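Under our numbering, the first residue of the sequence shown carries the number 559, and numbering increases by one thereafter.
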Amino acid sequence: MSQSSSATKIDHLDAVVVGAGFAGLYMLHRFKQLGLRARILEAGGGVGGTWYWNRYPGARCDIPSLQYSYQFSSELEQEWEWKERYAPQPEIMAYAKHVVERFELGPDIQFNTRVAAAHFNEDNSRWSVTTEAGDVISARFCVMATGCLSSANDPEFPGRESFTGDWYHTGRWPHGGVDFSGQRVAVIGTGSSAIQSIPIIAAQADQLTVFQRTPNFSVPAHNRPQDLQEEAEVKKNYRAFRANGRAQPIGWDTAGNERTAEEHTPDEIRTECERRWEMGGLYFYGTFADLLVGKEANDIVAEFVRGKIRERVKDPQLADALSPDTIFGCKRVCADTGYFETYNRSNVTLVDIAQSGIEEITTHGVRADGKEYAVDAIVTATGFDAMTGSLDRIDIQGKGGLKLKDKWHAGPRTYLGLTTAGFPNFFIISGPGSPSVLTNMITSIEQHVEFVADCVAWLRDQELASIDASIEAEDDWVDHVNEVAGETLLLGCNSWYLGANVPGKPRVFMPYLGFPEYVEKCDTVVKNAYEGFQTA
Ligand code: N01
C-alpha cells in the first residue's frame, strides 16, 4: 500500500476482480494459486453474485444441481451434498459461502464496495480502479466478473413515483423476504423470474394481477429431493460425468436427441415430446437435433407445448392468451412448478398488455388496457440489461481514454467474449461474444477463468507486461458470432439475448452459440501463442 502525491489512498495490487459471484470467486482462487496479490471488490454485502440479489420467492436454478456446480476441485465435488434436484437460491448461497471458507477467499473480498471507474494508464500499463467511496486501487490486471444478469431492467413507467404502495424488483429482492398475505399484488412481466415467483405469490396474496406483454414457453421442472443413488453414482464417476457435460452444446448433459424431427415418425415425435416433458425443464431443448435451426421441428415442439398449456389451464381463452406464438427457445425456455395451473385460481387475473403496455402507474395501482387495477404492491419481474448492463454502469476507459461504452455504442465487440481491443490486461468473464448464458454458466465460467489465469501466468513466464486483442481478431470474432447466430432461429423474437428488452439498446445477438467449439477455439489460440492478441 502506498500514498500518491495528492494524498489519495492508493492500494497497489497485481489484480482487481470486480464481483464476488461464481466467476469472481474462482478467479480470485486461481490468482491466489499463482501467488498474485488480488482482491475482489463486491457491491453487495455477501458473495453469490446473481444469487445474492435474486431472492424472490421460488428462485431456484433450472440446471440440475449435480451439474450446476464447480468442477475444479474433486474434494469440493465429493463433500458437498445437494438436497434438491434443482437447488433453491438459499442452497446455492450456502454453497457459495462454503467455497469461500474452504478456499480461504474471505480475507481478499471487500464487500459493500461498488466500482465506479476503471481507467487504463498507458504510462505504467496499470489499471486505476476507483470505488464509489473514492478509494483507488492500482492493479496490473482488471477482471470484470460482473455477471450477465446483474443490472436490473427498470422500465420507466409513467407515474411510477406516485405509487404509494410497496415496489419490488425480482432482481433486488429484500433480504428479509416479503409477506404478501392479505395484499393485492401486481406482477409485471412473465419471464423466468415471474414464472417461478407467481405460483408462490398467488398462494400468499389475496389477489394477484399479472401484466403480460409476451407469453413464454415453460416446461414443468419436476423438482424433487436429490436422488441419493443418482448422487452416489455421479460422485463415483464425476470426471467422466463432467467431461460428458462439457462436450454438449449447452455445457451440461440434457441427453440430447441426435436425430432431427424429420427422422421420426409422427408417433415417435409424440413419444419423444412426452418423454422430454417427463424429464422436465430445460431437457426440452434436447428434443430434436434441429430444434433451434429447423422451423418445422420447432413448430412441432411449440405446438406440443401449447397443447400442454391448453391441458394445464382450464379456461380456453386464458390458455390462448398464455400461449406463445413464437419460436420455442428463441427466448430462454422457463422451468416452472405449477405456473400455468396458477391461472386456474380464483384470486389470479391475467391482463394482456401486448397492445396497450403499462399505460401508467397511479397512486394506488396500475393502469393498462384502459383500466385501473388497484394494488398494494407492485413486483417488477422485468429482467435485466443483460450482458452489457453491468459493464455500462462502470466508467471503463482503455488506451487513449477510449470509453468502453462509446466503443460499444453500436453493440458489444470482443475477442472471444473475454477481451476487447484497446483495453490491455482487461478481461471479462462471460462477456458478450462468449457462450455463457447459452450454457451451464458455472462450466463456462470455469473455462473462462482458467483461460485468464493461464494467460496471466504465460505473460509472467514470457516476461511480458501486457496483452491486448487485435482489432482484426476482434472483428473476425464478432462476424463469426453473428454468422453462427444467423444460422439459427434465435434472431426471430425480441429476446434479451438481442438486447430487445431494453429500449434503445442496439439489436445485436450477444452470446456465442457453440460451446464445445468455443473451447476448442480458445485452446487453439493458446497453443498458437495467443494468436489474435498483441503483447508488449
Ligand atoms: O427476465 P426476462 P427474467 N412493460 O427478461 C417483461 C435467467 N433466470 O428476470 O417478453 C411490460 O426473461 C418482459 O416482456 P417481453 C434466465 O436466463 C434464470 O424473468 O419483453 N413488461 C418479460 O415478460 C432468464 O431468461 C432463472 O415482452 C415488460 C419480463 O418482463 C433471465 O434470467 C430464474 C417491460 C422479463 O423477462 C431473465 O429472466 C430467473 C415493460 N416495459 C431468471 N419490460 C433460473 O435459473 C420487460 N417486460 C430458473
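Backbone N, C-alpha and C define an ideal beta-carbon position, used for all residues, glycine too.
Computed from a prediction, not measured in an experiment: that's the story for all the values here.
Residue i, enclosing beta strand (DSSP E) - first and last residue
i	result
residue 679	673–679
residue 886	Taken as a continuous stretch (DSSP letters only), residue 886 belongs to no beta strand (DSSP E), as it is neither H nor E.
residue 685	684–689
residue 725	724–727
residue 951	No beta strand (DSSP E) holds residue 951; DSSP gives it neither H nor E.
residue 742	742–746
residue 629	Per DSSP, residue 629 belongs to no beta strand (DSSP E) and is neither H nor E.
residue 965	Element bounds for residue 965: not the beta strand (DSSP E) but the alpha helix (DSSP H), 962–965.
residue 776	776–778
residue 1013	Per DSSP, residue 1013 belongs to no beta strand (DSSP E); it is in the alpha helix (DSSP H), 999–1019.
residue 892	892–894
residue 925	923–926
Residue i Cβ short of 7 Å to the ligand N01 heavy atom set
i	result
residue 902	no
residue 720	no
residue 994	no
residue 725	no
residue 750	yes
residue 661	no
residue 882	no
residue 620	yes
residue 638	no
residue 581	no
residue 598	no
residue 707	yes
residue 936	no
residue 682	no
residue 754	yes
residue 772	yes
residue 645	no
residue 970	no
residue 810	no
residue 916	yes
residue 1091	no
residue 941	yes
residue 858	no
Span separating the alpha-carbon of residue i from that of residue j
i	j	result
residue 1101	residue 759	The question about residue 1101 has no answer here: the residues shown for the chain are numbered 559 through 1094.
residue 1088	residue 1023	14 Å
residue 637	residue 660	11 Å
residue 782	residue 1037	43 Å
residue 958	residue 1090	21 Å
residue 701	residue 857	42 Å
residue 736	residue 763	11 Å
residue 800	residue 751	28 Å
residue 911	residue 938	14 Å
residue 885	residue 817	19 Å
residue 1083	residue 908	51 Å
residue 1041	residue 766	43 Å
residue 1092	residue 1025	6 Å
residue 860	residue 866	10 Å
residue 710	residue 826	42 Å
residue 559	residue 901	Interpretation of residue 559 is limited by its pLDDT of 35, a score under 50 that renders its predicted location unreliable; the figure taken from the coordinates is listed afterwards. Taking the straight line joining both Cα atoms gives about 59 Å.
residue 1110	residue 720	With the chain covering only 559 through 1094, there is no way to say anything about residue 1110.
residue 718	residue 843	38 Å
residue 881	residue 641	33 Å
residue 505	residue 574	In this structure the chain extends from 559 to 1094, so residue 505 is not present and cannot be described.
residue 960	residue 789	50 Å
residue 934	residue 742	5 Å
Member of the options whose CA lies at the smallest distance from the CA of residue i
i	options	result
residue 936	922, 947, 944	922
residue 716	915, 583, 581	915
residue 954	866, 920, 806, 688	688
residue 712	730, 698, 690	730
residue 821	797, 742, 803, 846	846
residue 1006	773, 963, 757, 1081	1081
residue 940	779, 929, 1004, 614	614
residue 605	904, 581, 654, 587	654
residue 834	875, 793, 779	779
residue 975	994, 755, 630	994
residue 787	1059, 967, 960, 639	639
residue 998	568, 582, 628	628
First through last residue of the alpha helix (DSSP H) which encompasses residue i
i	result
residue 655	647–660
residue 1080	1073–1085
residue 614	Careful: residue 614 lies outside any alpha helix (DSSP H) and carries neither H nor E.
residue 759	750–762
residue 699	No alpha helix (DSSP H) contains residue 699, which is instead part of the beta strand (DSSP E) from 694–702.
residue 598	Unbroken run through residue 598 is the beta strand (DSSP E), 596–599; no alpha helix (DSSP H).
residue 865	853–870
residue 1036	1029–1044
residue 590	580–591
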